[in-house]
Structure formats: structure tokens, C-alpha cells
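S.K.:
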Amino acid sequence: MSARSIEIKSNEQIRLMRRAGLAVAEALNVMGSAVRPGISTAELDVMARSVLADHNATSSFLNYGAEWGYPPYPATVCISVNEAVVHGIPDSRRLAAGDIVSIDFGAIVAGWHGDAARTFCVGEVRAAAASLVEQTRQAMWAGIAAAARAARVGDIGHAIEQHAKRAPRRFGVVREYTGHGIGTSMHQPPDVPNHGRPRRGARLSKGMCLAIEPIFTLGSPMAVTLDDDWTVVTQDGSWAAHWENTVALAEDGPWVLTEPDGGRAELAARGVQVSRLAD
Ligand code: MF3
Ligand code: CO
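Heads up: the sequence shown begins at 866 in the working numbering, then just goes up one per residue.
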């Protein structure tokens, strides 16, 4: 399999990816339950490492980048607070009431990757921040529902972008980071942008697995990387939210591998039935 061609998975391989997806879902659930004022982001990373051990899993993120001569990513989780967009490095920073925190996690089980992110509110947050978090979450589901019906990658990005446009507030849609194919490596073709035109872009086919991951901001969509070489923040300091799931496009429908229920409830609400593989 060359790095540039799309990896098509058999049902058996999708079932293996589900194991990685469940490890990711559990770690995000454990970390999300621990989010409260006073906890440090490094403590969340420790929790994620113990979930990896429970699942005989390894981290998709730890040391990521080293292969390309980039400073290796030093943790198992990306934790991005408030104006941080993605790739925040866990450290001694303590979360405070009113913060929003994006937690992004990837795991490898038996050679197959899962990748997902959630944005959590720490205690009560201001209304604009709460809306940003909820609308980004809904945009992810709109993108996943679109992927179930879509012919091409542009249909997914279009659905996500339309969701942002119809939202009660005007959000920035970050373009510098995209979703991606995923399988025996974390980042595979095709790129899955969070904007696009219907019926444009790479053709979707059964057996593809995609990470669908909108990132919205309360202001400008422009992002810059800090001197730590990883943390990406908004250029204007506005807050950002990030939601991501790994989705298998099985023969008879989608299966959201990084959700405990396989995406059944959220997709049913959007008129989409999940694959029988999820039964
Ligand atoms: N999970 C991120 C993504 O969705 C990538 C994490 S970057 C890493 O693409 F360095 F931490 F691996
Ligand atoms: Co991803």
C-alpha cells in the first residue's frame, strides 16, 4: 500500500479498527469525566496512558513527527485550552471554571489507529463559548451524516461549512487543519477539509475510514504555531472548539468507531442508519 493511495478496509479490518476506536472513546470519556477546575492537563495525560495499557494499546501521538525530522510530540494527548486550536501539550497548567478544553486522542490496537476529539466546558462557561462547543459538535455530526450519503469528500466539507453558516453566531472555520483517511497509519489520504463544494474532491467508496474533525472559532479562522513547535492558537486570541470521530464507511452504512454506540443515536436523529457491523 503506497502512502498516496486510499486504503480500503475489509469488514474484518474495520472490526479491528473498532478496538482502537473503543480505546479512544474510553480514554476520552475518562478524561472528560475528570475535567474540572484545578486539574492539570498533565494529569489528564496520565489517565489516558493508563487506558492505553488496559487495552493493550499504544499511542498514535507520542513521538509523532520524529519520522519527518520534526520535534517529536511529547505526550499521548493533545489538550488545547481556550484560544488553543489544536496540538496543545499537556503540562502543569490547571483548568479553571469558564475554560473550554479540547482533548484529542489517538490509539493503536493490533496495528490499527483510532483518532477522536471532544471539547469540554469547565464548569459554567460564557454563552458564546458554550454555543461554539455545541455547534462544532453538531457540525461534526452533520459531516458524518453527509459522509454516509456522500459521493465525494467535498460533500462532507460542504455540510460542515453550511452548518457553520447557519449557526446562530458567526464562527471562523479553520482551514489549515483537515480531517484525513485513517487505518494502518493515523494520517492517510484523502484529506477531508472542513469546507468544500458538493460533488467535488476525492471519490468516497465503501471500506474507506475517515477522521472527520471540524474546528471552529469565535473569531478569525487564522491560526499560528507557538514556539514549542506544536501548540496552535488563533491569531486573534478568539477561542476554538474541535470535535473529531473516526468513521468507517462500511458496505451498508457508516460505523462511528470512536463512539460507544457506534454513532447510532446521533445518526438516527439525522435520518442515517448505522452499519450492521455495529450490532
Ligand atoms: N489527532 C490529530 C489529528 O486529528 C493529530 C495529533 S498530532 C500529534 O490529526 F502530534 F499529536 F500526533
Ligand atoms: Co485527526
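Quick reminder that beta carbons are idealized off the backbone N, C-alpha and C, glycines included.
All values derive from a computational prediction rather than experimental measurement.
Relative to the ligand CO, is the shortest distance from any of its heavy atoms to the C-beta of G1022 smaller than 7 Å?
M.R.: Residue mapping note: residue 1022 aligns to position 157 of the sequence shown, counting from 1. Incorrect: G1022 has no Cβ contact closer than 7 Å to the ligand CO.
S.K.: Measure the Cβ-Cβ separation of A1010 and V1089 and say whether it is below 8 Å.
M.R.: In the sequence shown, counting from the first residue as 1, residue 1010 sits at position 145. In the sequence shown, counting from the first residue as 1, residue 1089 sits at position 224. In this structure, V1089 does not lie closer than 8 Å to A1010 by Cβ.
S.K.: With DSSP run on the structure shown, which of helix, strand or coil describes W1104?
M.R.: Counting from 1 along the sequence shown, the entry for residue 1104 is found at position 239. W1104: coil per DSSP, three-state reduction.
S.K.: For the segment 982 to 1038, which segments carrying the alpha helix (DSSP H) assignment without a break, of at least 4 residues, lie completely within its bounds, in sequence order?
M.R.: Here the runs fully enclosed are 992 to 1014, 1018 to 1031.
S.K.: The ligand MF3 and H1028: does the residue's C-beta get closer than 7 Å to at least one heavy atom of that ligand?
M.R.: For the purposes of this step, residue 1028 is identified with residue 163 of the sequence shown, where counting begins at 1. It does not: the Cβ of H1028 is nowhere closer than 7 Å to a heavy atom of the ligand MF3.
S.K.: Comparing the CB of E891 with every heavy atom of the ligand CO, is any distance shorter than 7 Å?
M.R.: Your numbering for residue 891 matches position 26 in the sequence shown. Checking the Cβ of E891 against the ligand CO gives no.
S.K.: What do you get for S924, buried or exposed, if any count of 16 or more other CB atoms within 10 angstroms of its CB means buried?
M.R.: Taking the sequence shown and counting its residues from 1, the one referred to as residue 924 is at position 59. Looking at its Cβ environment, which holds 16 or more other Cβ atoms inside 10 Å, S924 is buried.
S.K.: Report whether the distance from the Cβ of A949 to the nearest heavy atom of the ligand MF3 is below 7 Å.
M.R.: Residue 949 sits at position 84 when you count from the first residue of the sequence shown. For the ligand MF3, not one heavy atom lies less than 7 Å from the Cβ of A949.
S.K.: Nearest by alpha-carbon distance to S1085: which of E1041, W1108, I1047, N1110 is it?
M.R.: Position 220 of the sequence shown, counted from the first residue, corresponds to residue 1085. Measuring from the Cα of S1085, the nearest candidate turns out to be E1041.
S.K.: Taking the straight line between their C-alpha atoms, what separation do you get for I1025 and V942?
M.R.: One-based indexing of the sequence shown puts residue 1025 at position 160. One-based indexing of the sequence shown puts residue 942 at position 77. Each residue's alpha carbon lies about 25 Å from the other.
S.K.: Less than 7 Å between C-beta atoms, sequence neighbours within five positions excluded: which residues of the same chain meet that for R1141?
M.R.: Locating residue 1141 in the sequence shown gives position 276, counting from the first residue. So the qualifying residues of the chain are D1117.
S.K.: Please classify G1128 as buried or exposed, where buried requires at least 16 other C-beta atoms within 10 Å of its C-beta.
M.R.: Within the sequence shown, the letter at position 263 stands for residue 1128. Result: buried.
S.K.: So is the beta-carbon of G979 under 7 Å away from any non-hydrogen atom of the ligand CO?
M.R.: By 1-based counting over the sequence shown, the position of residue 979 is 114. False, no ligand heavy atom lies under 7 Å from that Cβ.
S.K.: What's the call for K874, buried or exposed, on a 16-neighbour Cβ count within 10 Å?
M.R.: Position 9 of the sequence shown, counted from the first residue, corresponds to residue 874. The residue in question, K874, is buried, as its Cβ has 16 or more Cβ neighbours within 10 Å.
S.K.: Just how far apart, CA to CA, sit R1065 and I1021?
M.R.: As a working mapping, residue 1065 is identified with position 200 in the sequence shown. As a working mapping, residue 1021 is identified with position 156 in the sequence shown. The straight-line gap from Cα to Cα measures roughly 10 Å.
S.K.: Since V942 sits in a beta bridge, which residues does DSSP pair it with?
M.R.: The residue labelled residue 942 in the question sits at position 77 within the sequence shown. The partner list for V942 (beta bridge, DSSP) reads F970.
S.K.: Considering only C-alpha positions, which residue in the set I973, A972, R958 is nearest to V966?
M.R.: Residue mapping note: residue 966 aligns to position 101 of the sequence shown, counting from 1. When only C-alpha atoms are compared, the closest one is R958.
S.K.: With a threshold of 7 Å (Cβ to nearest heavy atom), would E1078 be considered close to the ligand MF3?
M.R.: Here residue 1078 refers to the residue found at position 213 when the sequence shown is read from its first residue. Checking every heavy atom of the ligand MF3 against the Cβ of E1078, one is found closer than 7 Å.
S.K.: Excluding sequence positions up to five away, which residues of its chain have a Cβ less than 6 Å from the Cβ of S945?
M.R.: Locating residue 945 in the sequence shown gives position 80, where the first residue counts as 1. Cβ neighbours of S945 beyond the five flanking positions: V951, G953, S967.
S.K.: Let me make sure I understand the geometry here. Which of A899, V916, A982, F970 has the alpha-carbon closest to that of L960?
M.R.: As a position in the sequence shown, residue 960 is number 95, starting the count at 1. Of the listed residues, the one whose Cα sits closest to L960 is A899.
S.K.: Is the separation between the beta-carbon of M1005 and that of E1124 shorter than 8 Å?
M.R.: Here residue 1005 is taken as the residue at index 140 of the sequence shown, counted from 1. Here residue 1124 is taken as the residue at index 259 of the sequence shown, counted from 1. No. Outside cutoff.
S.K.: Classify S1103 as buried or exposed, calling it buried when 16 or more other Cβ atoms lie within 10 Å of its own Cβ.
M.R.: Counting from one through the sequence shown, the residue named residue 1103 turns up at place 238. Under this definition S1103 is a buried residue.
S.K.: Compute the Euclidean distance between the alpha carbons of S867 and H1052, then round it to the nearest angstrom.
M.R.: Sequence index remark: in the sequence shown, residue 867 carries index 2 (1-based). Sequence index remark: in the sequence shown, residue 1052 carries index 187 (1-based). Confidence at S867 is low in this model, with a pLDDT of 45, below 50, so its placement is unreliable and the value that follows should be read with caution. Approximately 13 Å between the Cα atoms of the pair.
S.K.: Cα separation between A885 and K1030?
M.R.: Residue numbering aside, residue 885 sits at position 20 when the sequence shown is read from its first letter. Residue numbering aside, residue 1030 sits at position 165 when the sequence shown is read from its first letter. So the alpha carbons of these two residues sit roughly 33 Å apart.
S.K.: Just to check my reading of the structure: T1049 and W977 have Cβ atoms closer than 8 Å, yes? What is that Cβ distance to the nearest angstrom?
M.R.: Locating residue 1049 in the sequence shown gives position 184, counting from the first residue. Locating residue 977 in the sequence shown gives position 112, counting from the first residue. At roughly 7 Å, the Cβ-Cβ gap stays under 8 Å, so T1049 and W977 are in contact.
S.K.: Mapping DSSP to helix, strand and coil, what is G1044?
M.R.: Locating residue 1044 in the sequence shown gives position 179, counting from the first residue. Reduced to three states, the DSSP call for G1044 is strand.
S.K.: Go to D1056, then tell me how far its beta strand (DSSP E) extends in each direction, as first and last residue.
M.R.: Reading the sequence shown from its first residue, position 191 is the one you call residue 1056. From DSSP, the beta strand (DSSP E) with D1056 extends over 1053 to 1057.
S.K.: Assign N947 to buried or exposed, taking buried as 16 or more other Cβ atoms, counted over all protein chains shown, within 10 Å of its Cβ.
M.R.: Here residue 947 refers to the residue found at position 82 when the sequence shown is read from its first residue. By the 10 Å Cβ count, N947 comes out buried.
S.K.: Going by the CB atoms, is the gap between A982 and R1017 shorter than 8 Å?
M.R.: The residue given as residue 1017 occupies position 152 in the sequence shown. The residue given as residue 982 occupies position 117 in the sequence shown. Their beta carbons are not under 8 Å apart, which means R1017 does not touch A982 by this criterion.
S.K.: How would you label P902, buried or exposed, when you count the other beta carbons within 10 angstroms and need 16 or more for buried?
M.R.: Numbered from 1 along the sequence shown, position 37 holds the residue referred to as residue 902. Flag for P902 reads exposed.
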